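Taking it in order: structure first as C-alpha cells, then the write-up.
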Amino acid sequence: MSAVFEKPPLWQRAAPMIQGFDGPLAFAVFLLACAGLLTMYSSGYDFGNRFLDHGRNMLIAGTIMFVVAQIPPQRLMSFAVPLYTVGVALLVAVAVFGITKKGAKRWINVGLVIQPSEIMKIAMPLMLAWWFQKREGQLRPLDYVMAALILVAPVGLIMKQPDLGTSLLVMAAGVSVIFFAGLSWRLIVPPVVIGLVALVLIVVFENQLCADGFRWPILHDYQQQRICTLLDPSKDPLGKGFHIIQGMIAIGSGGPLGKGFMQGTQTHLEFIPERTTDFIFAAFSEEFGLAGNLCLIAGFVFLILRGLAIALEASTLFSRLLAGAITMIFFTYAFVNMGMVSGILPVVGVPLPFISYGGTAMVTLGLGLGILMSIAKSKRLVQT
1243 MSAVFEKPPL
1253 WQRAAPMIQG
1263 FDGPLAFAVF
1273 LLACAGLLTM
1283 YSSGYDFGNR
1293 FLDHGRNMLI
1303 AGTIMFVVAQ
1313 IPPQRLMSFA
1323 VPLYTVGVAL
1333 LVAVAVFGIT
1343 KKGAKRWINV
1353 GLVIQPSEIM
1363 KIAMPLMLAW
1373 WFQKREGQLR
1383 PLDYVMAALI
1393 LVAPVGLIMK
1403 QPDLGTSLLV
1413 MAAGVSVIFF
1423 AGLSWRLIVP
1433 PVVIGLVALV
1443 LIVVFENQLC
1453 ADGFRWPILH
1463 DYQQQRICTL
1473 LDPSKDPLGK
1483 GFHIIQGMIA
1493 IGSGGPLGKG
1503 FMQGTQTHLE
1513 FIPERTTDFI
1523 FAAFSEEFGL
1533 AGNLCLIAGF
1543 VFLILRGLAI
1553 ALEASTLFSR
1563 LLAGAITMIF
1573 FTYAFVNMGM
1583 VSGILPVVGV
1593 PLPFISYGGT
1603 AMVTLGLGLG
1613 ILMSIAKSKR
1623 LVQT
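Counted the way our numbering counts, the sequence shown spans residues 1243 to 1626.
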C-alpha cells in the first residue's frame, strides 16, 4: 500500500513544466547570454558591480521566461486588451503629469517609478494579434485601418515624450503583425519608396538641411542633430559626433581577429562612451574582431530564423502573428543597435539583446522569449 501513495521523484514532477521547450531556441539564447557575460566582464569589470548586476538581470529574465512559457497562448490572448488599455492609460498619464529627466518625460510614479512605454513593446503585438484573430476569415480594409489606429496612438504618445528608440521598437512590433496578417504589397511599397527617396534627398542636400538655424518639421532639435551628426560626424568630433567616431574607431581597430579578451584599448581607456550599454557592440568588436562579429551576427540570425519557424508552425493565427512580431522585435533590437554603433543609423537608445546592460530591456527580452517558448510548447503538446 505504501508504494501506491509514494510521491514521484522531483524530476518527474518538474518534467511537464520543461516538456515541449524549444531546444534550438534555448541553445541560441544560451550562446548569446554567454557572449553577453563575457563582454560585460571585460567592458564593465572596473564599472562597479555591473557584471554581477548583468548576471542577476539575466537570471531574472530567465525566470520570467520560464514562468511565461507555462501560460498557454489562449490564456495570453486574454491579457491583450487589459494590458494594452493599461499601457495607453499610463502613457496618457505620463504626458499629463509624468516625471521629467534629462529633458524627457518618460516616467511616472505609481508607488514606484516605471516607464510605461516599455509595456507597449509586448502589449502592442499582443493587442494587434488579438485584433486579427477575432477577424480571422472576414478581414476587410477597414480592419487594417483600425489596426493602424491601434498602433499609431501609443507610438505617437511615446514619440512625444520624446523616446525615438522605444517608439521605433513598438512601431516595428506593430507593423510586423499587420504585415504578417496579410497586408497587400501594393500598400507597403509606396511608403518604402517614399522613405528611400527622402533618404537620398537628405544625403544630397545635407549642407542645406543641416545648416545652422534650419529647423526640420515634426522632429525635435536633438533628433535633427543626430541625423546630421550621422551624415558627417567630423563636424563636431568632440561633441555630438564623438560617440559615432569612437565606436567606428573601436570596430575598425579590432581587425579580422580582434585585440583579444580584456585587451581593448579604446574600451579600457574609456574612449568608448556607454561602453556597457548602447555602445557595447563597439567594445565587443574591438576585442573579438570581424570573426567575433560574424559569430555574434550568426547567433542572432539563428535566433530570428528559429523564432520565425516557431511562428510558421503555430496552430492559431494569434500565435503565428504574435510569434512573428516578437521575433521581429529581436531583429529590430540587434539591427538598430549594430547599425547605430557602426555609423549607418542615427544614435538612439536601443540596447543589444543579451549583451547590453539594462534591467528593463532584459525583462522585456525574457517576456518575449517566454511567449515564443509558450507557443512552441503548445504546438508540441498538441502533436503528442
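Glycine included, C-beta positions come from ideal geometry on N, C-alpha and C. All of these numbers come straight from a predicted model, not from anything done at the bench.
query                                                                                                                                                                   : result
Please tell me whether Ala1567 and Ser1426 are closer than 9 Å, where the distance is taken between their beta carbons.                                                 : no
Please give the ranges of any alpha helix (DSSP H) in the segment 1417-1504, keeping only runs that are unbroken, at least 4 residues long and fully inside the region. : 1427-1446, 1448-1451, 1463-1473 and 1484-1495
Of all the options Asn1299, Trp1372, Val1338 and Asn1291, which has the alpha carbon lying nearest to the alpha carbon of Leu1564?                                      : Trp1372
When you compare each of Ile1392, Lys1344, Gln1357 and Ile1350 to Pro1367 by their alpha carbons, which one comes out closest?                                          : Ile1392
Over what stretch of residues does the beta strand (DSSP E) that includes Ala1346 continue unbroken?                                                                    : Ala1346 to Asn1351
Report yes if the C-beta distance between Gly1608 and Ile1302 is below 9 Å; otherwise report no.                                                                        : yes
For the candidate residues Leu1499, Gly1497, Gln1488 and Pro1498, whose alpha-carbon lies nearest to that of His1510?                                                   : Gln1488
Would the beta-carbon of Ala1556 fall within 9 Å of that of Lys1619?                                                                                                    : no
Using a 10 Å radius around the Cβ and a threshold of 16 neighbouring Cβ atoms, would you call Phe1475 buried or exposed?                                                : Reading the sequence as shown, one finds Pro at residue 1475 and not Phe. Answer is buried; the Cβ neighbour count reaches 16.
Just the C-alpha distance for Ile1350 and Gly1497, rounded to the nearest angstrom, thanks.                                                                             : 45 Å
Which residue comes first and which comes last in the beta strand (DSSP E) that contains Ile1522?                                                                       : Looking at the DSSP string, Ile1522 is not in any beta strand (DSSP E); the run it does join, the alpha helix (DSSP H), is Ile1522 to Glu1555.
Determine contact between the segment 1352-1361 and the segment 1526-1541, defined as no fewer than three beta-carbon pairs at a distance below 8 Å.                    : no
Here's a check: name, in chain order, each residue in its chain whose Cβ is nearer than 6 Å to the Cβ of Tyr1326, leaving out the five neighbours to either side.       : Ala1365 and Met1369
Can you give me the start and stop residues for the beta strand (DSSP E) that Thr1200 sits inside?                                                                      : Because residue 1200 is not part of the residues shown, which for the chain are 1243 to 1626, the question remains open.
Go ahead and pull the three-state DSSP assignment for Ile1313.                                                                                                          : coil
Going by DSSP, what residue range makes up the alpha helix (DSSP H) through Thr1342?                                                                                    : Per DSSP, Thr1342 belongs to no alpha helix (DSSP H); it is in the beta strand (DSSP E), Ile1341 to Lys1343.
Pairing CB atoms from the segment 1445-1453 with CB atoms from the segment 1390-1406, are three or more of them under 8 Å?                                              : no
Can you give me the C-alpha to C-alpha distance between Val1394 and Asp1264, rounded to a whole angstrom?                                                               : 33 Å
Let's see if you can read the secondary structure: which residues bound the alpha helix (DSSP H) around Thr1281?                                                        : Gly1265 to Gly1286
Which residue spans inside the segment 1556-1624 form an unbroken alpha helix (DSSP H) run of at least 4?                                                               : 1559-1584
List the DSSP bridge partners of Val1355.                                                                                                                               : Asn1351
In angstroms with no decimal places, state the Cα-to-Cα distance between Leu1441 and Pro1314.                                                                           : 43 Å
Could you tell me how far apart the beta carbons of Val1592 and Leu1461 are, in whole angstroms, since I believe they sit closer than 8 Å?                              : Actually they do not touch by this definition, with Cβ atoms about 17 Å apart.
Could you give the first and the last residue of the continuous alpha helix (DSSP H) run that contains Ile1392?                                                         : Pro1383 to Lys1402
Compare the beta carbon distance of Ile1586 and Gly1610 with 9 Å and say whether it is the shorter of the two.                                                          : no
Are the CB atoms of Gly1286 and Met1300 within a distance shorter than 9 Å?                                                                                             : no
Quick check on the burial criterion: 16 or more other C-beta atoms within 10 angstroms. Buried or exposed for Phe1521?                                                  : buried
Since Lys1363 contacts Thr1606 with CB under 8 Å, what's their CB separation in whole angstroms?                                                                        : 5 Å
Shortest alpha-carbon distance to Val1336 belongs to which of Leu1273, Ser1495 and Pro1396?                                                                             : Pro1396
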